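Numbering (the working numbering), first residue to last: 4 to 323.
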Amino acid sequence: MYYEGKYRKKREKRQQRARSRRIFFLALILVVIFIALGMKILELEKELLAVNASLAKIQYTLKEYEESAEEAPAVETPATMTPLPTQTPAAEVQETELPVVTQSPQEASTSRKVYLTFDDGPSVYTAEILDILDEYDVKATFFVLGKDDSASIELIQDIYERGHTVGMHSYSHKYNEIYASKEAFIEDYQKIYTFLRDKVGVESFCYRFPGGSSNTISSIDMMEFADYLEEQRVTYYDWNISSGDGSSTALTVEQLKENVLKDMAGYRTAVVLLHDSGDKRSTVDALPEIIEAILAMEDTEILPIVEDTVPVQHVQRLNE
Ligand SMILES: [Zn+2]
């Protein structure tokens, strides 16, 4: 009896140990399954994000394609007759978060047009930028401010005479003043327009809103200002590629180059935001490499904005 009891106890202990082991392994297997499932879910989420992004890109590209199809064949329009275009990527975008567009099959054979645009000039770097552009025989667009000193006026004249486009970027560049009311916007617009016309001899046909049409500073609907520009037969241009030099002066040449080039292959029309400003030395340093890399892309040309250039605009009218 004693042995039997002892034996039973031993057997029970053994069974208990076996049970514990089974529970332990079961738990282990469950943990492994949970981890695997978790990883799979993360992976699927990533894929879903990628699918959503491509969907957005496709929609944008389609839109761009439809618009260019609607475009009339190149007609010489008189200097002030640029129609205000109707399209835009609808998303409210910040300088650093722009819609990314991939190439649709129809676009594969189409040439790519790249528009380098420089905001906020003229500056101490304008002459250097102009020399670099000349070196590569490339024309760009300068959205200038109302800098009324003779050196700045000469620089703007130089921009124009060397074949680049002079656009307007407001007179004062003071967001809170320009966007305070429609009257304030009109007053500033007329100042920059007449400044360029009377002092530089240029009747500009294009405008870039300070902060872009999608800026979050203006409490007034930006379309009110866009309507006014349309009445003046002036087209506003935003951008779809940002170098990032507007939000940081600390970017290296490599970072600027990367920002400009990383999504460029996806665009048929790429409007690149750069700055011509005294605190943006690295933009000047990066420019030769940026130009070389763009020119090295297949079927790609760098052009100045002209009156029939399809604009890239961030904000869309509701009734369109
Ligand atoms: Zn600016």
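Idealized CB from N, CA, C, for every residue including glycine.
Quick caveat: nothing in here was measured; it's all calculated off a predicted structure.
{"Query": "Name, in chain order, the residues that DSSP records as bridge partners for methionine 171.", "Result": "Val147 and Tyr210"}
{"Query": "In chain order, what residues place their C-beta within less than 6 Å of a heavy atom belonging to ligand 1?", "Result": "Asp122, Asp123, His172, His176 and Pro213"}
{"Query": "Step through the CB atoms of chain E and report whether any lies within less than 9 Å of the CB of glutamine 235.", "Result": "Among the protein chains of the structure shown there is no chain E, as only one such chain exists."}
{"Query": "Can you give the Cα-Cα distance for serine 222 and phenylalanine 212, rounded to whole angstroms?", "Result": "14 Å"}
{"Query": "Within the continuous beta strand (DSSP E) that includes isoleucine 305, where are the two ends?", "Result": "303-305"}
{"Query": "Which residue's Cα is closest to the Cα of aspartate 140: Tyr239, Ile294 and Ala187?", "Result": "Ile294"}
{"Query": "Just the C-alpha distance for aspartate 122 and leucine 40, rounded to the nearest angstrom, thanks.", "Result": "50 Å"}
{"Query": "Determine, using beta carbons only, whether tyrosine 194 and glycine 149 come nearer to each other than 9 Å.", "Result": "The identity of residue 194 in the sequence shown is lysine, whereas the question assumes tyrosine. Yes, they are a contact pair."}
{"Query": "Which residue or residues does DSSP assign as beta-bridge partners of valine 205?", "Result": "Paired residue(s): none; valine 205 is not in a bridge."}
{"Query": "Based on the DSSP secondary-structure assignment, which residues constitute the bridge partners of valine 274?", "Result": "Tyr118"}
{"Query": "Quick one: what does DSSP say isoleucine 244 is sitting in, helix, strand or coil?", "Result": "strand"}
{"Query": "Ignore the nearest five residues each way along the sequence and tell me which others in threonine 324's own chain have a CB closer than 6 Å to its CB.", "Result": "Any answer about residue 324 is impossible in this case: the structure gives the chain only from 4 up to 323."}
{"Query": "Could you check if glycine 204 is buried or exposed, using at least 16 other CB atoms within 10 Å of its CB as the buried criterion?", "Result": "exposed"}
{"Query": "Determine contact between the segment 218-238 and the segment 255-269, defined as no fewer than three beta-carbon pairs at a distance below 8 Å.", "Result": "no"}
{"Query": "Candidates Leu306, Tyr182, Lys12 and Tyr192: which alpha carbon is nearest glycine 166's?", "Result": "Leu306"}
{"Query": "Ignore the nearest five residues each way along the sequence and tell me which others in tyrosine 174's own chain have a CB closer than 6 Å to its CB.", "Result": "Gly149, Asp191, Lys194 and Ile195"}
{"Query": "Just confirm the distance between the C-beta atoms of valine 318 and valine 274, as a whole number of angstroms; I'd bet it's less than 8 Å.", "Result": "That belief does not hold up - the Cβ atoms of valine 318 and valine 274 are roughly 15 Å apart, past 8 Å."}
{"Query": "Can you give me the Cβ contacts of leucine 199 inside the same chain, cut-off strictly under 8 Å, excluding the 5 residues immediately before and after it?", "Result": "Val147, Ile159, Val169, Met171, Val205, Glu206 and Ser207"}
{"Query": "Only counting the same chain, and skipping five residues up and downstream in sequence, which positions put a Cβ closer than 6 Å to that of arginine 22?", "Result": "none"}
{"Query": "Please list, in chain order, all residues of the same chain as aspartate 161 whose beta carbon is under 8 Å from its beta carbon, the five residues on each side excluded.", "Result": "Thr129, Ala130 and Leu133"}
{"Query": "Just the C-alpha distance for serine 126 and isoleucine 135, rounded to the nearest angstrom, thanks.", "Result": "15 Å"}
{"Query": "Near valine 256, what residues of its chain come up, given a Cβ to Cβ distance below 8 Å and the 5 sequence neighbours on each side ignored?", "Result": "Ser285, Asp288, Ala289 and Glu292"}
{"Query": "Could you tell me the boundaries of the alpha helix (DSSP H) in which threonine 197 lies?", "Result": "185-198"}
{"Query": "Output the distance between the C-alpha atoms of lysine 16 and glutamate 46, rounded to the nearest integer angstrom.", "Result": "44 Å"}
{"Query": "Please report the Cβ distance between lysine 324 and isoleucine 244, rounded to the nearest whole angstrom; I am assuming they are in contact, meaning their Cβ atoms lie under 8 Å.", "Result": "The structure shown does not extend to residue 324, since the chain is modelled only from 4 to 323, so the question has no answer here."}
{"Query": "Taking the DSSP output, what are the residues bridged to threonine 238?", "Result": "Cys209"}
{"Query": "Specify, as a first and last residue, the run of the alpha helix (DSSP H) that leucine 254 falls within.", "Result": "Where leucine 254 is concerned, there is no enclosing alpha helix (DSSP H), given that its DSSP letter is neither H nor E."}
{"Query": "Using a Cβ-Cβ cutoff of less than 8 Å, which residues in the same chain neighbour alanine 2 once the five nearest sequence positions on both sides are dropped?", "Result": "Residue 2 falls outside the range modelled here, since the chain spans only 4 to 323, and no answer is possible."}
{"Query": "Looking at histidine 278 and aspartate 248, is the spacing between their C-beta atoms short of 9 Å?", "Result": "yes"}
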